[in-house]
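Comments concern the structure below.
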Amino acid sequence: MTHPCAPASPEPGPPPAAEESGLSNPGQPASDSTPASDAAPAQVETPAAAPGANPVASRSGRAYEGVVQWVEDGIVSGRLRVGDVLPAERDLAAQLAVSRAVVREGVRALHAIGVVDSRVGAGAAGGTVITAVPTEALNRFLRMHVALAQFSLLDVVDVRCSLEGLSARLAARNATDADHARLADLITAMRDDDLPPDVFNACDTDFHVAIARAAGNALATDLTVAIRESMRSPIRHGMNHVDDWPAVRARLREEHEAIAAALADGDGSRAADLLDAHIRRASEQLLGDGAQAAGDTA
-8 MTHPCAPASP EPGPPPAAEE SGLSNPGQPA SDSTPASDAA PAQVETPAAA
42 PGANPVASRS GRAYEGVVQW VEDGIVSGRL RVGDVLPAER DLAAQLAVSR
92 AVVREGVRAL HAIGVVDSRV GAGAAGGTVI TAVPTEALNR FLRMHVALAQ
142 FSLLDVVDVR CSLEGLSARL AARNATDADH ARLADLITAM RDDDLPPDVF
192 NACDTDFHVA IARAAGNALA TDLTVAIRES MRSPIRHGMN HVDDWPAVRA
242 RLREEHEAIA AALADGDGSR AADLLDAHIR RASEQLLGDG AQAAGDTA
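Take -8 as the starting number for the sequence shown in our numbering and just add one per residue.
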């Protein structure tokens, strides 16, 4: 029987470079976030550059950022939409008056921020596709900047309390029977006294994310996932090194049960207050004064 939660998988590495023949990457499947369609995705045509002009060179000191800017401008203007396929590498390089290496570097940057993905296929069925996977990009951004101490642990905790309080109030109104059942399943899983700290941490994360999803606000869900992922390593360290882990685990379970009960009663204010106290108490106990680096993977 599959456990309802498991430790988060390792962060995926950077996408491989695009093939010389075009922007498609035969070794990388398309993201699940990219809408499927029986029709071939739209192939975006790039406006021709004026003779001798470099349409992106003046936009940035680094040429590849001009490619990123071109895509960003297209998305903001509505010229590029989710599912559209970028021109082939050779064509885009010619139209933007940059080298193919610059185009490849720009595409790698767009992969990293979750704006494009590579779709396997021939002709219009394949290529580099405009997509939308903000969670992964937010995860990476927050994790690195928390590790670099650009955001203090206290700042992260304060924002997390505000965000999850909003989610709790919305979830009290919007949660479905399936949402409540999901929370109950996670609490049941956390009652297993033999559960390793890493798995308990994964269940704990899933519990908080489930509340955000029950709220029905996609941005709140993505931000909750990103903030929680940015804290995964220090929380895991705390669970593995805290004094009297069984007692801490029991208290965390009881607090989760009280939060779930308040949501089931439709009492969003109480659920938000319980979440605030739960997050602050757990952070103080597991993270202390923030002495453990957020990037510590012990």
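Cβ atoms here follow ideal geometry from the backbone N, Cα and C, with glycine treated the same way.
- In terms of Cα proximity to Gly156, the closest of Asp170, Glu127, Ala211 is Ala211.
- Counting other Cβ atoms within 10 Å of its Cβ, Arg134 reaches 16 or more and is therefore classed as buried.
- Per DSSP, reduced to three states, the secondary structure at Arg72 is coil, with no helix or strand assignment.
- Around the beta carbon of Pro188, 16 or more other beta carbons sit within 10 angstroms, so the residue counts as buried.
- Taking all protein chains shown into account, Asp75 has 16 or more neighbouring C-beta atoms within 10 Å of its C-beta and is therefore buried.
- Restricting attention to Ile218, Gly229, Ser109, the CA atom closest to the CA of Ala128 is found in Ile218.
- According to the DSSP secondary-structure assignment, Ile121 is paired through a beta bridge with Val107.
- With fewer than three CB-CB distances shorter than 8 Å, the stretch 178 to 188 does not count as touching the stretch 253 to 262.
- In the three-state scheme derived from DSSP, where H, G and I count as helix and E and B as strand, Val89 is classed as coil.
- Leu154 and Thr215 do touch by the CB rule: their CB atoms are close to 6 Å apart, below 8 Å.
- Remark: C-beta atoms of Ser221 and Val147 approach each other more closely than 9 Å.
- Annotation: Gln86 to Val73 spans about 22 Å, alpha carbon to alpha carbon.
- Beyond the five residues adjoining it in sequence on each side, Asp213 comes within less than 7 Å, by CB distance, of Pro125, Thr126, Leu129 in the same chain, given in chain order.
- As the crow flies, the alpha-carbon of Ala241 is around 13 Å from that of Asp234.
- Setting aside the 5 residues that flank it on each side, His171 is surrounded in the same chain by Ala255, each with a C-beta closer than 6 Å to its C-beta; the list follows chain order.
- Straight through space, the alpha carbons of Ala140 and Gln60 are spaced by roughly 28 Å.
- Looking at Ile202, Asp197, Asp267, the one whose alpha-carbon comes closest to that of Asn165 is Ile202.
- The three-state secondary structure of Gln141, taken from DSSP, is coil.
- Boundaries cannot be given for Asn208, as no alpha helix (DSSP H) includes it and DSSP labels it neither H nor E.
- Judged by DSSP in its simplified three-state form, Leu77 adopts coil rather than helix or strand.
- Residue range 236 to 255 is occupied by the alpha helix (DSSP H) that includes Val239.
- Collapsing the DSSP output to three states places Gly279 in coil.
- In terms of CA proximity to Thr122, His102 leads the group Val137, His102, Ala138.
- With a contact defined as Cβ atoms closer than 8 Å, Leu265 and Glu246 qualify at about 7 Å.
- Non-local beta-carbon contacts of Gly207 in its own chain, meaning distances under 7 Å to residues more than five positions away in sequence, involve Leu161, Asn165 in chain order.
- Taken atom to atom, the span from the alpha-carbon of Arg131 to that of Val137 is near 10 Å.
- Shown here, Pro188 sits in a helix according to DSSP, grouped into three states.
- In summary, Gly279 is exposed, with fewer than 16 beta-carbon neighbours lying within 10 Å of its beta-carbon over all protein chains present.
- DSSP places Ala172 inside the alpha helix (DSSP H), whose first and last residues are 168 to 181.
- Under the three-state reduction of DSSP output, Met135 falls in the helix class.
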